[in-house]
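All remarks here apply to the structure that follows.
There are 2 protein chains.
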Amino acid sequence: MGENVLTRAERRRRSEARILDAARALFAEVGYERATIRGIAKAAEVDPALVMQYFGSKQELFQQAVQVSPAAEPGAEELVEHLLGTLNVKLGELPQSSLAMMRSMLTHPEAAASAREVLGRQIDRLAGSMTGDDARLRAALMTLTLLGVTVGHQLLELDELRGVPQEELARLLRPSLRALTGPDVS
Amino acid sequence: MGENVLTRAERRRRSEARILDAARALFAEVGYERATIRGIAKAAEVDPALVMQYFGSKQELFQQAVQVSPAAEPGAEELVEHLLGTLNVKLGELPQSSLAMMRSMLTHPEAAASAREVLGRQIDRLAGSMTGDDARLRAALMTLTLLGVTVGHQLLELDELRGVPQEELARLLRPSLRALTGPDVS
DNA sequence: GTCTATACCGTGATAGAC
DNA sequence: GTCTATCACGGTATAGAC
Chain A
2 MGENVLTRAE
12 RRRRSEARIL
22 DAARALFAEV
32 GYERATIRGI
42 AKAAEVDPAL
52 VMQYFGSKQE
62 LFQQAVQVSP
72 AAEPGAEELV
82 EHLLGTLNVK
92 LGELPQSSLA
102 MMRSMLTHPE
112 AAASAREVLG
122 RQIDRLAGSM
132 TGDDARLRAA
142 LMTLTLLGVT
152 VGHQLLELDE
162 LRGVPQEELA
172 RLLRPSLRAL
182 TGPDVS
Chain B
2 MGENVLTRAE
12 RRRRSEARIL
22 DAARALFAEV
32 GYERATIRGI
42 AKAAEVDPAL
52 VMQYFGSKQE
62 LFQQAVQVSP
72 AAEPGAEELV
82 EHLLGTLNVK
92 LGELPQSSLA
102 MMRSMLTHPE
112 AAASAREVLG
122 RQIDRLAGSM
132 TGDDARLRAA
142 LMTLTLLGVT
152 VGHQLLELDE
162 LRGVPQEELA
172 RLLRPSLRAL
182 TGPDVS
């Protein structure tokens with residue numbers, strides 16, 4: 002019967018992608034609890050039941066939507082400088098999946114676990130480049146400093162950080178983070 | 002007819018107090034959306050309808066539960082040192098009302114507004130003790146640093162901060178915050 | 001296989017019995 | 001004044017029509 006414009010598998014793939022995009026956007030905007038299956042389906046222009054059909058549950062949809070690819074995770078080999086490069090990403094074009102995770106990390110247990118994992122990995126990398134017995138602790142404080150700034154900027158949208166260029170923030174934070182680096186530098 | 006053990010006004014006052022305590026605890030533990038009127042009532046050992054009767058709505062209950070007394074708000078006259086004193090409070094015995102507010106600040110609009118207000122006041126106080134045209138920005142970064150540490154410690158409960166004494170954290174953070182203070186000291 | 005219709009539950013909130 | 005019964009709503013999930 003002639004060629005179809007879209008095969009079924011192709012349609013399915015596109016619908017899934019649209020749902021995931023809509024889910025990421027909504028989770029990032031209002032968090033896990035306030036984001037609804039019906040709302041996500043509406044944004045993706047699909048039937049609400051389809052979302053359940055594809056992903057099984059809201060929780061599984063959330064997991065697939067927010068999982069950050071390890072490649073996209075910030076590395077920290079050059080320590081502070083690279084961390085501030087990371088900051089640029091964090092402050093500018095932080096992927097929506099990360100925003101969605103961060104938005105829900107205080108209220109949704111699953112998101113909290115994910116946050117602990119991601120932060121833990123970053124702390125590990127940082128601590129690996131540092132010496133001293135409290136290296137992990139200092140690495141954690143550096144990571145949490147960036148987390149605080151990111152929360153204030155991206156999620157709370159404090160007026161004080163409105164429209165401040167990333168370079169300015171990096172410039173101001175550099176000495177502060179270096180102070181946590183300890184005696185050793187990279 | 003003789004004296005009653007408890008007058009009605011007294012009973013009412015005690016019930017209200019128990020409800021507010023339970024509300025603070027639940028809001029702090031699971032956030033605004035997951036805390037339910039019924040759950041709060043059960044914890045306070047009162048009828049759910051009573052909560053509505055007393056407070057009108059869940060939102061009003063939240064407001065009354067989380068409102069932080071201005072006296073309890075951290076001051077910052079001696080700048081870094083006092084801020085680190087503040088940190089002690091933040092890390093040790095942060096009042097449950099503040100925890101409840103922080104827990105919900107990323108997902109509940111009302112809590113977000115409250116957080117912006119409290120953080121803004123702290124930034125104002127800090128900036129008042131600093132000079133330079135970017136004083137407010139640096140003050141904001143200092144405040145967000147402490148916010149990040151508090152979130153990581155109190156809400157995400159990162160392993161890296163488990164059981165670390167406040168003095169240790171203050172010691173490690175002091176140079177970092179001083180670096181944001183800028184050329185002027187208090 | 002895809003979607004329509006609906007069941008079912010728990011929520012905040014209300015009205016009215018006691 | 002207190003509480004039982006119920007409402008309307010919105011959420012997840014499912015059964016069955018196409």
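Protein sequences appear in the order of chains A and B. Heads up, the first sequence is in this note's numbering, so the first residue is 2 and it goes up one at a time. Heads up, the second sequence is in this note's numbering, so the first residue is 2 and it goes up one at a time. Beta carbons: idealized from backbone N, C-alpha and C, even for Gly. Nothing here was measured: the structure is a model prediction, and the numbers come from that model.
Buried or exposed (CB count within 10 angstroms, at least 16 for buried), residue i
i                : result
Gly153 (chain B) : buried
Arg9 (chain A)   : exposed
Ser105 (chain B) : buried
Thr132 (chain B) : exposed
Ala50 (chain A)  : exposed
Ser58 (chain B)  : exposed
Glu161 (chain B) : buried
Leu170 (chain A) : buried
Arg126 (chain B) : buried
Ala36 (chain B)  : buried
Ala18 (chain A)  : exposed
For residue i, the three-state DSSP class (helix, strand or coil)
i                : result
Arg163 (chain A) : coil
Ala140 (chain A) : helix
Leu157 (chain A) : coil
Thr146 (chain B) : helix
Glu46 (chain B)  : coil
Thr151 (chain B) : helix
Asp189 (chain B) : Here chain B comprises residues numbered 2 to 187, so residue 189 (chain B) is not present and cannot be evaluated.
Met102 (chain B) : helix
Gly121 (chain A) : helix
Gly133 (chain B) : coil
Gly76 (chain B)  : Only weak support is given to the placement of Gly76 (chain B): the predicted model assigns it a pLDDT of 49, under 50, and the question is left unresolved by the model.
Ala36 (chain A)  : coil
Glu4 (chain A)   : In this predicted model, Glu4 (chain A) has a pLDDT of only 46, less than 50, meaning its place in the structure is not dependable; the value taken from the coordinates is given anyway. Coil at Glu4 (chain A), not helix or strand.
Ser115 (chain A) : helix
Pro176 (chain A) : helix
Thr108 (chain B) : coil
Gln64 (chain A)  : helix
Ser1 (chain B)   : No answer is possible for residue 1 (chain B): the residues shown for chain B start at 2 and end at 187.
Leu95 (chain A)  : coil
Proximal residues of chain B, C-beta to C-beta of residue i below 9 Å
i                : result
Gly149 (chain A) : Leu142, Thr144, Leu145, Thr146, Leu147, Leu148, Gly149, Val150, Thr151, Val152 and Gly153
Interface residues of chain A facing residue i [CB-CB closer than 7 Å]
i                : result
Glu1 (chain B)   : A query on residue 1 (chain B) cannot be resolved here, the shown segment of chain B reaching from 2 to 187 and no further.
Ile124 (chain B) : Glu161
Ala113 (chain B) : Leu157
Arg229 (chain B) : Residue 229 (chain B) lies beyond the range of chain B shown here (2 to 187); nothing can be said about it.
Cβ separation of residue i and residue j, assumed to be a contact under 8 Å, to the nearest whole Å
i                : j                : result
Tyr33 (chain A)  : Thr108 (chain A) : 7 Å
Ile20 (chain A)  : Val67 (chain A)  : Their Cβ separation, rounded to whole angstroms, is 14 Å, which puts Ile20 (chain A) and Val67 (chain A) out of contact at 8 Å.
Leu142 (chain B) : Leu173 (chain A) : 6 Å
Ala113 (chain B) : Met103 (chain B) : Actually they do not touch by this definition, with Cβ atoms about 11 Å apart.
Gln123 (chain B) : Arg25 (chain B)  : Contact doesn't hold; Cβ gap of about 21 Å is too wide.
Gln155 (chain A) : Leu95 (chain A)  : 6 Å
Ala180 (chain B) : Ala128 (chain A) : That pair is no contact at about 21 Å.
Gly149 (chain A) : Gly149 (chain B) : 2 Å
Ala45 (chain B)  : Ala23 (chain B)  : 4 Å
Gly183 (chain B) : Arg137 (chain B) : Their Cβ separation, rounded to whole angstroms, is 12 Å, which puts Gly183 (chain B) and Arg137 (chain B) out of contact at 8 Å.
Thr146 (chain B) : Thr146 (chain A) : 5 Å
Per-residue contacts from residue i into chain A (C-beta, under 8 Å)
i                : result
Val31 (chain B)  : Thr108
Ala180 (chain B) : Pro176, Ser177, Arg179 and Ala180
Leu120 (chain B) : Gly153, Leu157 and Leu159
Leu173 (chain B) : Asp135, Leu138, Arg139, Leu142 and Leu181
Ser105 (chain B) : Leu107 and Thr108
Listed by chain order, chain B residues near residue i by CB distance under 8 Å
i                : result
Ala66 (chain A)  : Within 8 Å Cβ-Cβ: nothing; Ala66 (chain A) doesn't reach chain B, min ~16 Å.
Val165 (chain A) : Leu138
Partners in chain B for residue i, counting only beta-carbon separations shorter than 7 Å
i               : result
Arg25 (chain A) : Neighbours of Arg25 (chain A) on chain B: none; closest Cβ ~16 Å, over 7 Å.
Per-residue contacts from residue i into chain A (C-beta, under 9 Å)
i                : result
Leu127 (chain B) : Simply none; closest approach about 11 Å.
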